[in-house]
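Visitor: The structure's right below; bear with me while I get my questions together.
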Amino acid sequence: MSFPFKPVAKAALFAAFVAALAAPIALAPAARAADVTLLNVSYDPTRELYAQFNKLFAARYKADTGKSVEIKTSHGGSGKQARSVIDGLDADVVTLALAYDIDAIADRGFLAQDWQKRLPDNASPYTSTIVFLVRKGNPKGIKDWDDLAKPGVQVITPNPKTSGGARWNYLAAWAYALKTYGSEEKAKEFVGELYRHVPVLDTGARGSTVTFTERGVGDVLLAWENEAFLSKKEFGDDRFDIVVPSLSILAEPPVAVVDKNVARKGTGEAAEAYLKLLYSKEGQKLAAENFYRPRDPDVAKDYEKVFPKVDLVTIDDPAFGGWRKAQQTHFADGGVFDQIYSN
Amino acid sequence: MSDITLDRTTFVGSPPPPVAQRARSVVPGFGLTLGLTLLWLSLVVLIPLAALFLKTAELSPDRIFAILTAPRTLNALKISFGLSLAAASINLVLGGIIVWVLVRYDFPGRRVLDALIDIPFALPTAVAGIALTTLYAENGWIGALLAPLGVKVAFTPLGILIALIFIGLPFVVRTVQPVLEDLDHDLEEAAATLGAGRWTTVRRVIAPAVLPAFLTGFALAFARAVGEYGSVIFIAGNLPNVSEIAPLLIVIRLEEFRYADATAIAATMLVASFLLLFVVNGLQRWSRSRTGRLA
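Protein chains in written order, with the UniProt record's numbering: chain F, 1 to 343; chain W, 1 to 295.
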């Protein structure tokens, strides 16, 4: 299959993809020009959001305290980023794809176990959900999760073992199957069938997006809502359509200050201010502009036309019982996901 | 690698001095250089390796056994070692032809071709992976030609093979090239004057001289392919049991925060690679002793 494309968008996506690989290494300590330097370790698709948000914060911080601040961001697969922080990457704040990855950092004593209670809304200033990105005109007629397991449909999604976004994809499919077919056994069957329709299992969300958009592989991409909007924006409306399934999951990408690192660097106050600004009207507006669903009801109202209404389950739903339990059941060694690939 | 030291010593003259006689060596500096060698090797190679095995030792033998015999691990190891052997073998044959053409014939553009060989050395592996994937995907230049024939390259084990061939090629060419260049034409002419046919000359004169170099090139290409990660993950498809290479499985285990499991697989790969290289080294020695040459 071949599609017309915009060379600039193509190049940009490539650059982003290559940068994704190089970013964690490229963070060499720079000359200390600013009064405060913050390092935000984030996940894959937040590049555009934080590039803009960092400028906003630098301006606000200067106005409020008179101090200049330089913010660096590192992006990559959420699990990999968490591991970098555990292994000593000097993050002041982490803004990752799912709570479990920050839990893993907390388990090693970098921050308090109750970190998710320190900020409002489960420490997730913005949310997203999982939607389908399909080829223009939706030639395979994909409308809901059922259609993904139909003969001849190829689904693109990353490996949930390595990608935070992929875990949300998987759990959304699970939630749908559980509700539709009524038993865990059936849900397992459905999710297993779905993964048999996956021809390429990339390690990160951006990788999958490139496979689907650039390589022309697959009929449907399971994507973060913001990533789906971004692809449409980058490649133009004439190549892809977004399909919103009847039920999806409320993805809450959480944020936290890494206590141990800021205590050592003396950056605690700036790091707090950085995360607080995400909850302000301005921060919320910026999140919405970057296709993250804002938490603030007023801002949400302003953007309600952008974000379609979906029936959303949360990770704390009894079907999952929170991240730690979901991780254990589905993604741990020998968990449901491994069982899918073991026979 | 031992062939290099042998070359050096033959340069100095007479047989290599035994260790006991080192005080009488004509060149000074044995103590200092050996000390530096040991220190440097320890820092760069031995200590990281020791850490790897120590981390693995955190696991009980049962657990290690369970990890290594899991179907997914076995498949990943099979894919990595099988395809690396295949890629190194293909490089052995085609690299051999390339090196013969580069050394033995003069033609316009020879130097350009010669320089091209090094590109896989110089190119960042991620770039190579992305470029190969772009070419071999079903909408890529080559992939689009192959698709009607029902041949899929990108996102299949065939794609992995292509990436491994790409990164391994210069190892064979660059190892064999100097040996072939040094090979005296006189020998072939002598063989001819003594009545050897052309094939006999190739078989009895040229092949024994270059065989050890070919084995070294093969071993290097193989070793590199087993550890290759950057270029492969883009083109592989990364499906467990089908196109998931062992290095990717190691990364996946790390990302699950299971460091010891990851090192168990890594240590296994290391031991297996070491054994294979040991066999290749033995073959080299055997081929040398058989022909009595120091290639």
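All C-beta atoms, glycine included, are put in the ideal place defined by N, C-alpha and C.
#1: Looking only at C-alpha atoms, which of F:A104, F:Y195, F:D144 sits nearest to L254 (chain W)?
#2: Per DSSP, which one or two residues make a beta bridge with E227 (chain F)?
#3: Whole-angstrom Cβ separation of V280 (chain W) and F218 (chain W), contact assumed at under 8 Å?
#4: I'd like to know whether the C-beta of R72 (chain W) is nearer than 8 Å to at least one C-beta of chain F.
#5: Counting along the chain, where does the beta strand (DSSP E) carrying D241 (chain F) start and finish?
#6: If you run the structure through DSSP and keep just helix, strand and coil, what is R293 (chain F)?
#7: Apply the 10 Å Cβ neighbour rule to G29 (chain W) and answer buried if 16 or more other Cβ atoms are within range, or exposed otherwise.
#8: Give me the Cα-Cα distance between S273 (chain W) and I162 (chain W), rounded to the nearest whole angstrom.
#9: Which of helix, strand or coil does DSSP assign to F65 (chain W)?
#10: Please report the residue range of the alpha helix (DSSP H) in which N91 (chain W) lies.
#11: Can you tell me which of the three DSSP states K186 (chain F) falls into?
#12: Roughly how many angstroms separate the alpha carbons of T69 (chain W) and S84 (chain F), rounded to a whole number?
#13: Have a look at G157 (chain F) and P212 (chain W) and give me their C-alpha separation to the nearest angstrom.
#14: Would you kindly work out how many angstroms separate the C-alpha atoms of T200 (chain W) and I117 (chain W), rounded to a whole number?
#15: Indicate the three-state DSSP secondary structure (helix, strand or coil) for E70 (chain F) in the structure shown.
#16: With which residues is R135 (chain F) paired in a DSSP beta bridge?
#17: Measuring alpha carbon to alpha carbon, tell me which of F:G321, F:V41, F:T213 ends up nearest D238 (chain F).
#18: Just by C-beta distance, which residues in the segment 251 to 284 of chain W are closer than 8 Å to chain F?
#19: Under a CB-based cut-off of 8 Å, is P199 (chain F) close to chain W?
#20: Just how far apart, CA to CA, sit D261 (chain W) and I245 (chain W)?
#21: Quick one: list the residues of chain F neighbouring I233 (chain W), beta-carbon separation under 7 Å, in chain order.
#22: Give the DSSP-derived three-state secondary structure of D316 (chain F) in the structure shown.
#23: For F166 (chain W), would you say it is in contact with chain F, using Cβ-to-Cβ distances shorter than 8 Å as the test?
#24: For Q284 (chain W) and A166 (chain F), what's the separation of their Cα atoms in angstroms?
#25: In terms of DSSP beta bridges, what is S128 (chain F) paired with?
#26: Can a CB atom of chain W be found closer than 8 Å to the CB of N159 (chain F)?
#27: Which partner residues does S42 (chain F) have in the DSSP bridge list?
#28: Give me, in chain order, the residues of the same chain whose beta-carbon lies closer than 7 Å to that of Y181 (chain F); leave out the 5 immediate sequence neighbours on both sides.
#29: Compile a chain-ordered list of the residues in the segment 256 to 290 of chain F whose CB is closer than 8 Å to at least one CB of chain W.
#30: Please check the pair L194 (chain F) and V155 (chain F), which I expect to be a contact at CB under 8 Å, by giving their CB distance rounded to whole angstroms.
#31: For a contact meaning CB atoms closer than 9 Å, what does A154 (chain W) contact in chain F?
#32: Would DSSP call L194 (chain F) helix, strand or coil?
#33: Would you tell me roughly how many angstroms separate the C-alpha atoms of L278 (chain F) and R293 (chain F), rounded to the nearest one?
#34: What does the alpha-carbon distance come out to for the pair S289 (chain W) and V127 (chain W)?
#35: Exposed or buried, which one is A23 (chain F) when buried takes at least 16 other CB atoms within 10 Å?
#36: What did DSSP end up calling R290 (chain W) once you bin it into helix, strand or coil?
Guide: According to the structure shown:
#1: On the second sequence, position 254 is the one that residue 254 (chain W) refers to. Out of F:A104, F:Y195, F:D144, the CA that lies nearest to the CA of L254 (chain W) is found in F:A104.
#2: Stepping through the first sequence from its first residue, residue 227 (chain F) is reached at position 227. E227 (chain F) is not bridged to any residue.
#3: Within the second sequence, the letter at position 280 stands for residue 280 (chain W). Within the second sequence, the letter at position 218 stands for residue 218 (chain W). Between V280 (chain W) and F218 (chain W) a beta carbon distance of about 7 Å is seen, short of the 8 Å cut, so the two are scored as contacting.
#4: The sequence position of residue 72 (chain W) within the second sequence is 72, counting from 1. Answer yes: the Cβ-Cβ gap between R72 (chain W) and chain F drops below 8 Å somewhere.
#5: Start at 1 with the first residue of the first sequence, and residue 241 (chain F) comes out as number 241. The continuous beta strand (DSSP E) containing D241 (chain F) extends over residues 240 to 243.
#6: By one-based count along the first sequence, residue 293 (chain F) stands at place 293. Judged by DSSP in its simplified three-state form, R293 (chain F) adopts strand.
#7: Position 29 of the second sequence, counting from 1, holds the residue named residue 29 (chain W). Exposed: under 16 other Cβ atoms inside 10 Å.
#8: For this step, residue 273 (chain W) is matched to residue 273 along the second sequence. For this step, residue 162 (chain W) is matched to residue 162 along the second sequence. So the alpha carbons of these two residues sit roughly 21 Å apart.
#9: Locating residue 65 (chain W) in the second sequence gives position 65, counting from the first residue. If DSSP states are grouped into helix, strand and coil, F65 (chain W) belongs with the helices.
#10: Here residue 91 (chain W) is taken as the residue at index 91 of the second sequence, counted from 1. That run of the alpha helix (DSSP H) goes 71 to 104.
#11: On the first sequence, position 186 is the one that residue 186 (chain F) refers to. In this structure, K186 (chain F) counts as helix in the three-state DSSP scheme.
#12: Residue mapping note: residue 69 (chain W) aligns to position 69 of the second sequence, counting from 1. Residue mapping note: residue 84 (chain F) aligns to position 84 of the first sequence, counting from 1. Distance between the alpha carbons of T69 (chain W) and S84 (chain F): 29 Å.
#13: Here residue 157 (chain F) refers to the residue found at position 157 when the first sequence is read from its first residue. Here residue 212 (chain W) refers to the residue found at position 212 when the second sequence is read from its first residue. The question names Gly, but residue 157 (chain F) is Thr in the sequence shown. Approximately 47 Å between the Cα atoms of the pair.
#14: One-based indexing of the second sequence puts residue 200 (chain W) at position 200. One-based indexing of the second sequence puts residue 117 (chain W) at position 117. Their Cα atoms are separated by approximately 30 Å.
#15: Mapped onto the first sequence, residue 70 (chain F) falls at position 70. It is a strand residue.
#16: Here residue 135 (chain F) is taken as the residue at index 135 of the first sequence, counted from 1. Partner residues in the beta bridge of R135 (chain F), as assigned by DSSP, are F:F240.
#17: As a position in the first sequence, residue 238 (chain F) is number 238, starting the count at 1. For D238 (chain F), the closest of F:G321, F:V41, F:T213 by C-alpha to C-alpha distance is F:T213.
#18: V251, I252, L254, E255, E256, F257, R258, D261
#19: Residue mapping note: residue 199 (chain F) aligns to position 199 of the first sequence, counting from 1. It does: the Cβ of P199 (chain F) has a partner Cβ on chain W nearer than 8 Å.
#20: By one-based count along the second sequence, residue 261 (chain W) stands at place 261. By one-based count along the second sequence, residue 245 (chain W) stands at place 245. Approximately 16 Å, taken between the alpha carbons.
#21: By one-based count along the second sequence, residue 233 (chain W) stands at place 233. Those are T203, listed as they occur along chain F.
#22: Indexing the first sequence from 1 puts residue 316 (chain F) at position 316. Taken through DSSP and simplified to helix, strand or coil, D316 (chain F) comes out as coil.
#23: For the purposes of this step, residue 166 (chain W) is taken as residue 166 along the second sequence, with counting starting at 1. No - not a single Cβ of chain F is within 8 Å of the one on F166 (chain W).
#24: Working through the second sequence from its first residue, we reach residue 284 (chain W) at position 284. Working through the first sequence from its first residue, we reach residue 166 (chain F) at position 166. Rounded to the nearest angstrom, the two C-alpha atoms are 48 Å apart.
#25: Along the first sequence, one-based indexing puts residue 128 (chain F) at 128. For S128 (chain F), which the question treats as bridged, DSSP gives the partners F:A251.
#26: Looking up residue 159 (chain F) in the first sequence gives position 159. With 8 Å as the cut-off, N159 (chain F) counts as an interface residue toward chain W.
#27: Here residue 42 (chain F) refers to the residue found at position 42 when the first sequence is read from its first residue. Note: S42 (chain F) sits in a beta bridge opposite F:T95.
#28: As a working mapping, residue 181 (chain F) is identified with position 181 in the first sequence. Result list for Y181 (chain F): A187, F190, in chain order.
#29: none
#30: Translated into positions along the first sequence, residue 194 (chain F) becomes position 194. Translated into positions along the first sequence, residue 155 (chain F) becomes position 155. Rounded, the Cβ-Cβ distance is 6 Å, consistent with contact.
#31: To locate residue 154 (chain W), count along the second sequence from 1; it is residue 154. The answer, in chain order, is V200, R215, V217.
#32: The residue you call residue 194 (chain F) lines up with position 194 of the first sequence. In the structure shown, L194 (chain F) sits in a helix (DSSP, three-state: H, G or I).
#33: Locating residue 278 (chain F) in the first sequence gives position 278, where the first residue counts as 1. Locating residue 293 (chain F) in the first sequence gives position 293, where the first residue counts as 1. Going from the Cα of L278 (chain F) to the Cα of R293 (chain F) covers about 12 Å.
#34: Position 289 of the second sequence, counted from the first residue, corresponds to residue 289 (chain W). Position 127 of the second sequence, counted from the first residue, corresponds to residue 127 (chain W). Each residue's CA atom was taken as its position, placing S289 (chain W) and V127 (chain W) some 43 Å apart.
#35: Position 23 of the first sequence, counted from the first residue, corresponds to residue 23 (chain F). Unreliable positioning characterises A23 (chain F) in this predicted model, as indicated by a pLDDT of 49, which lies under 50. A coordinate reading is not provided.
#36: In the second sequence, the residue the question calls residue 290 (chain W) occupies position 290. Three-state result, R290 (chain W): helix.
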